[in-house]
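Remarks on the structure that follows.
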Ligand code: DC
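Residue numbers (our numbering): 21 to 255.
Take a look at the structure:
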């Protein structure tokens with residue numbers, strides 16, 4: 021059976037990673053969370069005190085890029101690959117609101133995007149991959165056989181993210197989460213390098229009113245028909 025590449029792009033907190041993980045598990049594909057890579061890079065900049073509330077030492081960060089090693093390791097118990105920064109598991113450390121507040125500045129830097137896009141293309145080169153992010157269908161894998169673009173209203177997304185962070189014990193307000201969602205939408209969509217846009221051939225899914233199960237069923241159906249089509253072409 022010929023495997024395909026599945027690109028899932030969209031705004032923050034649209035549930036891309038939830039559905040991408042489910043899909044990868046159902047198809048026996050590899051799941052790659054590219055947002056986790058930009059988040060790990062952000063955590064590195066924070067650890068080195070290169071970014072903070074009122075400073076950002078961009079040039080120094082660029083000069084240190086060869087010291088940043090981001091990798092994934094499959095966690096059997098969780099059923100997906102966790103992200104590592106220079107050998108340390110940072111899967112939880114990258115999900116804080118503080119990292120979310122700086123990540124759009126970090127992901128706007130072309131040198132960083134080049135390095136991470138190259139790594140992402142390497143990770144997906146054997147096909148059989150579900151990759152989620154902002155530029156997967158436009159830049160990383162413009163030839164992906166299936167492209168999905170996920171949307172939901174800012175309020176729906178902020179509510180989801182707020183609950184998630186509260187469950188993790190973060191001391192945050194709903195207002196701050198909503199502001200972060202809106203400001204990342206703006207920054208991610210308006211940066212010069214690889215802004216978040218829907219690829220012409222992407223299928224848009226607004227999941228504001230879908231349950232997780234409905235969303236998964238919709239995406240699985242699309243994936244199965246894309247795989248079938250590729251296999252028909254190959255025969
Ligand atoms: O998917 P996420 O919310 O974890 O992503 C964090 C940030 O990383 C997001 O605000 C924009 C950036 N990002 C990006 O620029 N390109 C990607 N392919 C993935 C994420």
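Backbone N, C-alpha and C define an ideal beta-carbon position, used for all residues, glycine too.
| request: Throw me the rounded Cβ distance for the residue 49 and residue 146 pair, which I believe falls under 8 Å. | output: The Cβ separation is near 10 Å, so there is no contact.
| message | Residues in the same chain with beta-carbon distance under 7 Å from residue 25, minus the five sequence neighbours each way, listed in chain order, please. | response | 144, 147, 149, 161, 164, 165.
| Cα separation between residue 81 and residue 70? | Cα to Cα, the separation comes out at about 7 Å.
| In DSSP terms, what residue 152 is bridged to | Bridge pairing for residue 152: 28, 53 [DSSP].
| Taking only runs of the alpha helix (DSSP H) that begin and end inside the segment 193-221, which ones reach a length of at least 4 residues, in chain order? | Taking only runs of at least 4 residues, the alpha helix (DSSP H) segments lying wholly in the segment 193-221 are 194-210.
| message | If I measure Cβ to Cβ from residue 239 and keep anything under 6 Å in the same chain, skipping five residues before and after, which residues do I get? | response | Here the set comprises 39, 43.
| field | Cβ-based neighbour list, residue 135, same chain, cut-off 7 Å, excluding 5 preceding and 5 following | value | 85, listed in sequence order.
| query | Exposed or buried, which one is residue 255 when buried takes at least 16 other CB atoms within 10 Å? | reply | Under a 10 Å Cβ-count criterion, residue 255 is classified as exposed, with fewer than 16 other Cβ atoms of the shown protein chains found around its own Cβ.
| said: Between residue 169 and residue 30, how many whole angstroms is the CB-CB distance? I'm expecting something under 8 Å. | reply: Between residue 30 and residue 169 the Cβ distance is about 5 Å, and since that is below 8 Å, they are a contact.
| task | Could you have a look at residue 72 and say whether DSSP puts it in helix, strand or coil? | result | In the structure shown, residue 72 sits in a strand (DSSP, three-state: E or B).
| message | Ignoring anything shorter than 4 residues, give me the alpha helix (DSSP H) runs that lie fully in the segment 82-170, in order along the chain. | response | Entirely contained in the segment 82-170, the alpha helix (DSSP H) runs reaching 4 residues are, in chain order, 117-126, 130-143.
| query | In terms of residue numbering, what span does the beta strand (DSSP E) encompassing residue 226 cover? | reply | Element bounds for residue 226: 223-226.
| request: In angstroms with no decimal places, state the Cα-to-Cα distance between residue 216 and residue 126. | output: Cα-Cα distance, rounded: 15 Å.
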